[in-house]
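Asks: Have a look at this one.
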Amino acid sequence: MLSTSHPTQTWVSHTSAGMEQANWRSMGMECTTSSLFPKDPCCWLTNGTQRYPGARVDHEMPWYGFSAPEIWSSWTWKERFPSYQTLQSYFQHAATVWNLHQDIEYETKVISAIYIESERLWEVKTNRETTYKCKWLVSAVGTSSKPKFPAWKGLDKFQGEIHHSSAWPEKDPSMSGKRMAVIGAGASGVQIMQEAVKCCSSVTHFIRSPNIALPMGQRQIQEDEIYAQKPLFPHIFKACRDTPNGLPILNTGKTVLEDSEEDREALFEELWKRAGYNFAQGSYSDYLINRESNRVLYDFWCKKTRERIRDPIKREILAPLKPPYWFGTKRPSLEQGYYEACDDQKTTVTNSPITEFTQKGIVTADGKHTEFDIVAVCTGYDAITGGLRSLGVKGRNGLDLDDKWETGVLTNLGMMVNGFPNFFMLYGPQGK
Numbered sequence: 003m004l005s006t007s008h009p010t011q012t013w014v015s016h017t018s019a020g021m022e023q024a025n026w027r028s029m030g031m032e033c034t035t036s037s038l039f040p041k042d043p044c045c046w047l048t049n050g051t052q053r054y055p056g057a058r059v060d061h062e063m064p065w066y067g068f069s070a071p072e073i074w075s076s077w078t079w080k081e082r083f084p085s086y087q088t089l090q091s092y093f094q095h096a097a098t099v100w101n102l103h104q105d106i107e108y109e110t111k112v113i114s115a116i117y118i119e120s121e122r123l124w125e126v127k128t129n130r131e132t133t134y135k136c137k138w139l140v141s142a143v144g145t146s147s148k149p150k151f152p153a154w155k156g157l158d159k160f161q162g163e164i165h166h167s168s169a170w171p172e173k174d175p176s177m178s179g180k181r182m183a184v185i186g187a188g189a190s191g192v193q194i195m196q197e198a199v200k201c202c203s204s205v206t207h208f209i210r211s212p213n214i215a216l217p218m219g220q221r222q223i224q225e226d227e228i229y230a231q232k233p234l235f236p237h238i239f240k241a242c243r244d245t246p247n248g249l250p251i252l253n254t255g256k257t258v259l260e261d262s263e264e265d266r267e268a269l270f271e272e273l274w275k276r277a278g279y280n281f282a283q284g285s286y287s288d289y290l291i292n293r294e295s296n297r298v299l300y301d302f303w304c305k306k307t308r309e310r311i312r313d314p315i316k317r318e319i320l321a322p323l324k325p326p327y328w329f330g331t332k333r334p335s336l337e338q339g340y341y342e343a344c345d346d347q348k349t350t351v352t353n354s355p356i357t358e359f360t361q362k363g364i365v366t367a368d369g370k371h372t373e374f375d376i377v378a379v380c381t382g383y384d385a386i387t388g389g390l391r392s393l394g395v396k397g398r399n400g401l402d403l404d405d406k407w408e409t410g411v412l413t414n415l416g417m418m419v420n421g422f423p424n425f426f427m428l429y430g431p432q433g434k
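The opening residue of the sequence shown carries number 3 in my numbering; numbering runs sequentially from there.
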C-alpha cells in the first residue's frame, strides 16, 4: 500500500553516518531514514553485506566510533582493530542507546528523490511503495556503497561460485578444500587472502598493482586496559578532529632529509614496531610532496616486506624495488600475515590481466587457463560519486544529479550542489 509521510528530514543511509540523525533529532527535528539493510543485525558498516572472511576495520579503537559519551562510556572494545562482527554489535548498541530503530525503514531502497518546486519539498520514493515529502534531504550513503564489478568476457558462463566482497553471502560459503581465485589486492583482497590460504586447496591471487600494505599489529585489549584508557577518550576524539588525516597521529614536523640516515632508521623502526598507520602518518611532513623523501619511506617498507617473501617472482610482483606509485598516495591496507599467505606454496600470484571467464575458470593475457571452484571479486567500488548517482536525485527543473556532474563534479564544500535546494551530502565528493 502506498503511504506518504512528511518528516522534517529524510536520510538515505547505507552507513554509520546515517546515525547522525540522532543529533538532529535532539534539536527537535523529525527524521526518518531509509536503509538497505535488515534490522537484525544492524549493519551500519561501509556496506551492510561486507562480511567477507577476515573483514576488519583499519582504524584502531576507539577512533572508528562515535565521540558521544553516552555511546563510548557504555561500550567495551576487546580488540585493537575490531572485526565486522564486533562493529555490527557496536552499531546495534548505538542505535539502541539513541533509540533510532523507530525512525528507520530497513531493507528499503530509495528509487527516486525529486524536488517539487511548487511545494519547496523533496519527494522521496522507495521500492516498498513508500513516499516521503521533506524539507531537507540528507544523503549518508558514504563513499563506498555502489560495488564495481568488471564486465569480463564470458562471466555468465562460469559454473562455480562467484561473490563480490561487498555482497558476501550471509551464510558464509565453504572455502575448505576449494580452488579459489582472489581478484584484486585492495583491503578486501588482502583480508580474504589471509583467510583463504588457511583452508583452500589452492589460491590464485590476481593483482593489477601491488598493495603497499603495513603490519596491522592486531592484539586483544584487556578489560582493565580499556577502563584505564576511557578517561582519555574525549582527548583522543578531539585529536582526531584537530589533525589533517583525522587520526590522532602527528608527524615529526621535519622533512625526511633534515634527519641523518641513522636517525631516520631509528624513527622508522620505532614506528614500524607500533604498527597500524603509525609508519605512514607519524614520520615526516614532506613525503607526499617530495619525490626523494617519498622514496626513502618506500625503500624502508620494501626492505621490511621483501625479507618476508621467499619466492623471487612473487617478491618482484608484491614488493618491487621500483615503486609502483608514490608511497601513501593509495590508502595502505593493514595486514596480518598477507605476505606470508601470498608466499605459501599453495598460492599463485599473477599480474597478468584477466581476458575472459570460462565454464570452469579464468583465462589470463599470458594464455594460462586456471580452473576454480570459487571466485572472490575484490574490485572495490564506484567510489565517491557512485552511490549518489544511483539515487535518482533530481533538482530544480528536473535536472538529474548524474547529468549535472556529467562534465565534472562541482559542489559547495562537498556538502551541497547548486540547483538542488536543501539537499545535503555527508562525506560527499570534494568534502573533507
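We put the CB at the ideal spot given by N, CA and C, even for glycine.
#1: In whole angstroms, what separates the C-alpha of Gly388 from that of Asn280?
#2: Which residues does DSSP list as the beta-bridge partners of His165?
#3: Quick one: Cα of Cys242 to Cα of Gly186, how far?
#4: Does the Cβ-Cβ distance between Cys380 and Gly156 come in under 9 Å?
#5: Please report the Cβ distance between Leu336 and Gly382, rounded to the nearest whole angstrom; I am assuming they are in contact, meaning their Cβ atoms lie under 8 Å.
#6: If distances are taken between C-alpha atoms only, which option among Ser211, Met182, Gln87 comes closest to Tyr327?
#7: Taking C-beta to C-beta, are Arg310 and Glu342 nearer than 9 Å?
#8: What is the DSSP secondary structure of Ile291, counted as helix, strand or coil?
#9: Within its chain, find whatever has a CB closer than 6 Å to the CB of Ser114; leave out the 5 residues flanking it on each side and keep chain order.
#10: Kindly list the residues whose CB is nearer than 8 Å to the CB of Leu216, restricted to its own chain and excluding five residues on each side of it in sequence; keep chain order.
#11: Candidates Gly410, Arg398, Lys406, Ile386: which alpha carbon is nearest Met427's?
#12: Considering just the uninterrupted stretch of the alpha helix (DSSP H) at Cys201, what are its terminal residues?
#13: Leaving out five residues on either side along the sequence, give the residues of the same chain with a beta carbon under 8 Å from the beta carbon of Ile223.
#14: How should Asn296 be labelled, buried or exposed, when 16 other C-beta atoms within 10 angstroms of its C-beta is the threshold for buried?
#15: Between the alpha carbons of Ala183 and His166, how many angstroms are there, rounded?
#16: Output yes or no for whether 9 Å exceeds the beta carbon distance between Ser56 and Glu197.
#17: Can you tell me whether DSSP reads Phe426 as helix, strand or coil?
#18: Beta strand (DSSP E) containing Tyr117: first to last residue?
#19: Less than 8 Å between the CB atoms is what I'm expecting for Trp154 and Phe359, so what's the real figure, rounded?
#20: Does the segment 135 to 142 touch the segment 412 to 426, meaning 3 or more C-beta pairs lie closer than 8 Å?
#21: Taking all protein chains shown into account, do 16 or more other C-beta atoms lie within 10 angstroms of the C-beta of Pro175, making it buried, or fewer, making it exposed?
#22: Closer than 8 Å is the cut-off here; do at least three beta carbon pairs connect the segment 64 to 79 with the segment 199 to 208?
#23: Taking the alpha-carbon of Leu323 as reference, which of Lys305, Thr98, Met417 has the nearest alpha-carbon?
#24: Going by Cα to Cα distance, which pick from Pro355, Trp100, Gln361, Leu89 is closest to Ala367?
#25: Could you tell me the alpha carbon to alpha carbon distance between Lys111 and Gly400, rounded to whole angstroms?
#26: By the DSSP assignment, the alpha helix (DSSP H) with Ala97 in it spans what residues?
Replies: Per the coordinate set shown:
#1: 31 Å
#2: Ala378
#3: 30 Å
#4: no
#5: Between Gly382 and Leu336 the Cβ distance is about 16 Å, and since that is not below 8 Å, they are no contact.
#6: Ser211
#7: yes
#8: coil
#9: Lys127, Gly394
#10: Ala277, Gly278, Tyr279, Phe281, Ala282, Trp303, Pro334, Ser335, Leu336, Glu337
#11: Ile386
#12: 189 to 201
#13: Met63, Trp79, Lys80, Glu81, Arg82
#14: buried
#15: 12 Å
#16: As written in the sequence, residue 56 is Gly, which differs from the Ser given in the question. Going by C-beta atoms, Gly56 is nearer than 9 Å to Glu197.
#17: strand
#18: 112 to 118
#19: 5 Å
#20: yes
#21: exposed
#22: no
#23: Lys305
#24: Pro355
#25: 21 Å
#26: 86 to 99
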